[in-house]
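The structure appears right after this line, and notes come after that.
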Amino acid sequence: MRTRRRRNPSSACIRRHPRPLRLPPPAAAASTTAARNATTTRTTATQGTPTGPQIEQVTVTVQQVRSNMQRTPIAVTAISGTALDQSNITQPSDLNGLVPSLSIAKTAGFETNVTIRGVGSQTPENALVSQSGVALYTDGVFIANTISLDQTLFDVDQVEVLRGPQGALYGQSSTGGALVINTKQPELGKFHGILEGSGGNYSMARGRAIINIPVGQHFAVRASFQQYDHSDYAHSTYGFGLDGAQTTAGKVTALWQPVENFSASLTAQWYGATNTGAEQKNILDTTPGARRVAQDYPSRFNLHTQLYHLNLNWHLPWATLTSVTAYQHLNNFLQMSSSRYNYDALGYYDNDAAWQTTMHTYTEELSLHSTGHGPLSWTGGVFLLGQRSNQFVAEFKGSTPPDPLSFLVPSDIMTNPPSNLSYGNKTTVSRFTVAPYVQFTYNITPKLHLTGGARYNYDHFAHYDGNFSAFGSSSLSNSFKTSEPTWKAELDYDLSHDNMLYFDVATGYKPGGVNGNPDSKVVGLNFQPERNTTFELGSKNMFFNQNLRLNFAAFFSKYHNMQYIENDPYPYAYGIANIPNTEMWGLESEATWLTLGGRLRFDGNLTLEDGRIASHYRAIDTIAQQTVYANNAACAYGGQYYNPACWAAVEAAASNLNGNTPPQMPHVQGSISAAYTWDVPYGKLLTRIQYIYRGPLQSRVYNNPLYDHTPAYNLWNFYASYKPDHMHWLFAVTCSNLSNFAGVNSRYTDPYGSGQTVEQYVPPRQIFGTVSYSF
Numbered sequence: 001m002r003t004r005r006r007r008n009p010s011s012a013c014i015r016r017h018p019r020p021l022r023l024p025p026p027a028a029a030a031s032t033t034a035a036r037n038a039t040t041t042r043t044t045a046t047q048g049t050p051t052g053p054q055i056e057q058v059t060v061t062v063q064q065v066r067s068n069m070q071r072t073p074i075a076v077t078a079i080s081g082t083a084l085d086q087s088n089i090t091q092p093s094d095l096n097g098l099v100p101s102l103s104i105a106k107t108a109g110f111e112t113n114v115t116i117r118g119v120g121s122q123t124p125e126n127a128l129v130s131q132s133g134v135a136l137y138t139d140g141v142f143i144a145n146t147i148s149l150d151q152t153l154f155d156v157d158q159v160e161v162l163r164g165p166q167g168a169l170y171g172q173s174s175t176g177g178a179l180v181i182n183t184k185q186p187e188l189g190k191f192h193g194i195l196e197g198s199g200g201n202y203s204m205a206r207g208r209a210i211i212n213i214p215v216g217q218h219f220a221v222r223a224s225f226q227q228y229d230h231s232d233y234a235h236s237t238y239g240f241g242l243d244g245a246q247t248t249a250g251k252v253t254a255l256w257q258p259v260e261n262f263s264a265s266l267t268a269q270w271y272g273a274t275n276t277g278a279e280q281k282n283i284l285d286t287t288p289g290a291r292r293v294a295q296d297y298p299s300r301f302n303l304h305t306q307l308y309h310l311n312l313n314w315h316l317p318w319a320t321l322t323s324v325t326a327y328q329h330l331n332n333f334l335q336m337s338s339s340r341y342n343y344d345a346l347g348y349y350d351n352d353a354a355w356q357t358t359m360h361t362y363t364e365e366l367s368l369h370s371t372g373h374g375p376l377s378w379t380g381g382v383f384l385l386g387q388r389s390n391q392f393v394a395e396f397k398g399s400t401p402p403d404p405l406s407f408l409v410p411s412d413i414m415t416n417p418p419s420n421l422s423y424g425n426k427t428t429v430s431r432f433t434v435a436p437y438v439q440f441t442y443n444i445t446p447k448l449h450l451t452g453g454a455r456y457n458y459d460h461f462a463h464y465d466g467n468f469s470a471f472g473s474s475s476l477s478n479s480f481k482t483s484e485p486t487w488k489a490e491l492d493y494d495l496s497h498d499n500m501l502y503f504d505v506a507t508g509y510k511p512g513g514v515n516g517n518p519d520s521k522v523v524g525l526n527f528q529p530e531r532n533t534t535f536e537l538g539s540k541n542m543f544f545n546q547n548l549r550l551n552f553a554a555f556f557s558k559y560h561n562m563q564y565i566e567n568d569p570y571p572y573a574y575g576i577a578n579i580p581n582t583e584m585w586g587l588e589s590e591a592t593w594l595t596l597g598g599r600l601r602f603d604g605n606l607t608l609e610d611g612r613i614a615s616h617y618r619a620i621d622t623i624a625q626q627t628v629y630a631n632n633a634a635c636a637y638g639g640q641y642y643n644p645a646c647w648a649a650v651e652a653a654a655s656n657l658n659g660n661t662p663p664q665m666p667h668v669q670g671s672i673s674a675a676y677t678w679d680v681p682y683g684k685l686l687t688r689i690q691y692i693y694r695g696p697l698q699s700r701v702y703n704n705p706l707y708d709h710t711p712a713y714n715l716w717n718f719y720a721s722y723k724p725d726h727m728h729w730l731f732a733v734t735c736s737n738l739s740n741f742a743g744v745n746s747r748y749t750d751p752y753g754s755g756q757t758v759e760q761y762v763p764p765r766q767i768f769g770t771v772s773y774s775f
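Under UniProt numbering, the first residue of the sequence shown is numbered 1, with each subsequent residue one higher.
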């Protein structure tokens, strides 16, 4: 039973300085984990009289220190690992509708585009040179690529989503916010573990094994493993499957705490996926059924990642020193149909026979956190990153019937390209980043608090790009650097111990970079950094003896230099360009209500948001480019490769984007769930039903009604679990997408040659049972 400490009324609203995070002492980690996973918390009033069940306190780590979510003046949502399992959330894209203003779309079949408040990434298939607008962190490590978001979530303690730019502590690549994944950590002095198996339709099979082993009083190891497979959700009329998964994940963490004020943890984490390619149904495809396509070229997706990091935490008398040192390796191989259709229907084929991406990343973050004595608390640190990335692409296109030999990639393809090689690329990118930062909080009065912070972001890119095809070859070496300050200022006021108002102004930054397009006629060789300034007014509240939690946030953002993919009059000379000014605004709400003595719980959220491109800016759409190529006489006989009149016609077809809605920004989205705990013979039964709605949105900046409108969808999920009394077993049944609705997760128009538009769907109805044994 958790109890509330007696408070001195005169100091009830004084903010307690939060404790530094990075690697908490085992006892603290255990207590916060318990708080997150509990359904209710029973407290004791000042007079010692029980007050009944209350909503649990949620501890978040978004300011690099542990703090009560309701006492943290930031728009943040926290979802426990238990809640993820109950909703069958196996990957980040499944979070749609569960977090205000969060939109996650599958892009091009193999990338995950995270958008918060309309800010994310509009540069698909460019993970080598561009960054996400939403920073991803795992256990304090900045994950410096977007492809890693395709991984299956595993051994998660809590997912925290920060909405809005994080100008000081998170800095670069957090133009829209940050996605923070905290995994479960070792515990000293406790031997325990979990064995779990799940099985269901689509041959779904998931096995988990977790064990925590103490070695003496100062050392512990936690090892966790997962195998997750399912058969193909979709099938081609040409005899192969799509959207199948075979994944393996593992993590081993060793914790050493020789003295009370020092701890070190070393983690090795790996992930492997050998999947059939994602289903991407061409909008021209008339094959009946959402899960059937007439694609004639099989797709596959292989992803292997490794993450190693050392977390050090040293409590000094006046501050806590933390260090996070990490190495990341990524190897991704992709084979797919670029046309997402078939030769008979289109009269041509366009297939990527090989797309290989490798990344090696080193990061170090060193920071100091004050101990919190007195009215001033502060955090200061520096972040360093070094990365080297390589890419190889071989794309074949032709108008004569292909045979199996048409898509072989010979070893001398760069010097002796086949006649149907329409695009080949070999790119190397090196990146170096350094970013010092500082943030402070000052208690002006016991109820009024001021927070300010700043960060200096320096990025340097060196880029070698070699293009080769049946039409010739070209190469380009270029470098680019940016240096941008970001900052935040926030003022909050405690109306009472359970109610708070705050106003925040923060800026975010995403680096610019280098385009590999030596033949371009319009698109520049470099693209500029993004910058986002957001004004936010928020309120966090607990009512009715902490049985009702209501949080609100209203925001207005001025988004400068949005990066997007622009086509060029010259074939395959596309690149990243910048839209000068975009504005976005919205209202977010979250609620939790606990009633009937803690047995019945409601959770919900609702977002209303909108935006517009404020600049009079003209951009070349791939649809317009392909139309000009097909119909303009100057482009006949390959004129797009040599005729200036063809290039002028394409440039004249550019559209004005002024007034368009920003992509991936549904005007309405939200969810509501109800959970009830039943007393049944020999145990307790938990039942939970959930409704999710994601409104319609635009998939690209062009807002073309035929190609960019992504329709709304709604999902129903159900979960039930039975926990026998005085036993270590748990039995559960999960059903996601109860109505088997083929909701469109995203639309994607390929800007890289084919110009085809495709849809990707949410997973179909999945029903599976789980048996878990803890010891």
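The beta carbon of each residue, even a glycine, is placed where N, CA and C say it ideally should be.
Remember, it's a predicted structure, so these values are computed and weren't measured experimentally.
For the pair of segments examined, the stretch 719-726 was found to touch the stretch 678-688: the number of CB pairs separated by less than 8 Å reaches three. At the C-beta level, F396 and L421 come within 8 Å of one another.
Per DSSP, T415 is not a residue of any beta strand (DSSP E), being assigned neither H nor E. Sequence-distant partners of V252 (beyond 5 residues in either direction) whose C-beta falls short of 6 Å from its own C-beta, in its chain, are A223 and A268. Residue burial is scored here from C-beta neighbours: A645 has fewer than 16 other C-beta atoms within 10 angstroms and is therefore classed as exposed. Under the 8 Å Cβ criterion, the stretch 185-197 counts as touching the stretch 208-219, having at least three qualifying pairs. Membership of P436 in the beta strand (DSSP E) is indicated by the continuous run L421 to N443. When rounded, the separation of the alpha-carbon atoms in F240 and G277 is 10 Å. Within the same chain, and ignoring the five residues on either side of M414 in sequence, the residues whose Cβ sits closer than 6 Å to its Cβ are F468. Contact annotation: the stretch 484-496 touches the stretch 449-460, with at least three C-beta pairs closer than 8 Å.
Out of N331, N182, T183 and V161, the CA that lies nearest to the CA of I147 is found in N331.
Under the DSSP assignment, I623 falls outside any beta strand (DSSP E), being part of the alpha helix (DSSP H) whose first and last residues are T622 to N631.
With a contact defined as Cβ atoms closer than 8 Å, S132 and E609 miss out at about 19 Å. In the three-state DSSP reduction, A209 falls in the strand class (E or B). In its chain, beyond the 5 residues on either side, N499 and L550 have a beta carbon closer than 6 Å to the beta carbon of N541.
Taking a 10 Å sphere around the C-beta of W729, we find fewer than 16 other C-beta atoms and assign the residue as exposed.
The stretch 274-290 and the stretch 314-331 do not touch, with fewer than 3 CB-CB distances between them shorter than 8 Å.
Residue environment for L686: buried (at least 16 other C-beta atoms within 10 angstroms of its C-beta). Assigned with DSSP and collapsed to three states, G638 falls in helix. The shortest C-alpha to C-alpha distance from M204 to any of T247, I444, G189 and T59 is the one to T247. As computed with DSSP, F333 is found in a beta bridge with N302 and Q356. Sequence-distant Cβ neighbours of A290 in its own chain, meaning closer than 6 Å and more than five residues away, are A742 and Y761. In terms of Cα proximity to F552, the closest of E566, T607, Q664 and P580 is T607. The stretch 85-95 makes contact with the stretch 147-158; the number of CB pairs closer than 8 Å reaches 3 or more.
In the DSSP assignment, V650 falls within the alpha helix (DSSP H) that extends over P644 to A652. In the three-state DSSP reduction, S699 falls in the coil class, being neither helix nor strand.
DSSP places L153 in no alpha helix (DSSP H); its state is neither H nor E.
Boundaries of the beta strand (DSSP E) harbouring Y271: F262 to T276, taken from the DSSP string.
Between N567 and P580, the C-beta spacing is not below 8 Å. Its Cα nearest to that of P258, the residue W314 stands out among T237, T305, A105 and W314. When the beta-carbon positions are compared, Q280 and L307 stay at least 8 Å from each other. A Cβ-Cβ distance of about 4 Å is found for the pair Y564 and Q122, placing them in contact under the 8 Å criterion.
For the 8 Å CB-CB criterion, D155 and K190 do not form a contact. DSSP links Q328 through a beta bridge to L307 and T361.
Contact check for Y748 against V758 passes: the beta carbons are separated by less than 8 Å. Partner residues in the beta bridge of Y564, as assigned by DSSP, are Q122 and A577.
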